[in-house]
Amino acid sequence: QQIIGRLNHIAIAVPDLAVASARYRDLFGASVSEPEDLPAHGVRVVFVMLDNTKIELLAPLGGNSPIAGFLARNPGGGMHHLCFEVSDIISAAEKLAGQGARILGDGRPKTGAHGFPVLFLHPKDFDGVLIELEEVRR
641 QQIIGRLNHI AIAVPDLAVA SARYRDLFGA SVSEPEDLPA HGVRVVFVML DNTKIELLAP
701 LGGNSPIAGF LARNPGGGMH HLCFEVSDII SAAEKLAGQG ARILGDGRPK TGAHGFPVLF
761 LHPKDFDGVL IELEEVRR
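To convert, count from 1 in the sequence shown and add 640; that's this note's numbering.
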């Protein structure tokens, strides 16, 4: 049984959110959301809205941001994670953990940028890519 559904978004860590937002808005003509602070995740985000998915641009919020280390290693920014939709995040996490996937943090979902529960999976278990699971109710 397939656990993941649609690709919800691709996240790109950026050193300057305003500059990155303007690039997508002005060069590509894309619709870009207003910035939103997510203190629980230590990031400030905008979403670039596309027909088939979204691009999340994220910048550090505060000195203890989890993406500060990523930007220290990649000062120009870069692809940070992929977010896949799941119908039941607890069930998905249990199935994945039962097969050896590592769930980051305390293993309990947090509320994500869209107001839905999210979890992150260790990049070493997924070919070097950080994976976010988001329970989406449609």
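The C-beta atom is built at its ideal place from N, Cα and C for all residues, glycine as well.
Please read these numbers as outputs of a predicted model, since none were measured by experiment.
Of all the options the options, which has the alpha carbon lying nearest to the alpha carbon of residue i?
i: Pro675; options: Lys694, Leu698, Asp691; result: Leu698
I need the straight-line Cα distance from residue i to residue j, nearest angstrom please.
i: Gly718; j: Val654; result: 7 Å
i: Asp728; j: Glu775; result: 6 Å
Considering only their Cβ atoms, is the gap separating residue j from residue i smaller than 7 Å?
i: Ile644; j: Ile695; result: no
i: Ala733; j: Ile743; result: yes
i: Ser705; j: Gly682; result: yes
Specify, as a first and last residue, the run of the beta strand (DSSP E) that residue i falls within.
i: Leu761; result: 757-761
i: Val654; result: Unbroken run through Val654: none, as it is neither H nor E.
i: Ile771; result: 770-775
i: Ala699; result: 694-700
I need the boundaries of the alpha helix (DSSP H) containing residue i, first residue and last residue.
i: His674; result: With the sequence shown as reference, residue 674 is identified as Glu, and His is not the correct amino acid for it. No alpha helix (DSSP H) contains Glu674, which DSSP labels as neither H nor E.
i: Arg713; result: 708-713
i: Ile729; result: 729-738
List the residues that DSSP assigns as beta-bridge partners of residue i.
i: Gly718; result: Ala653
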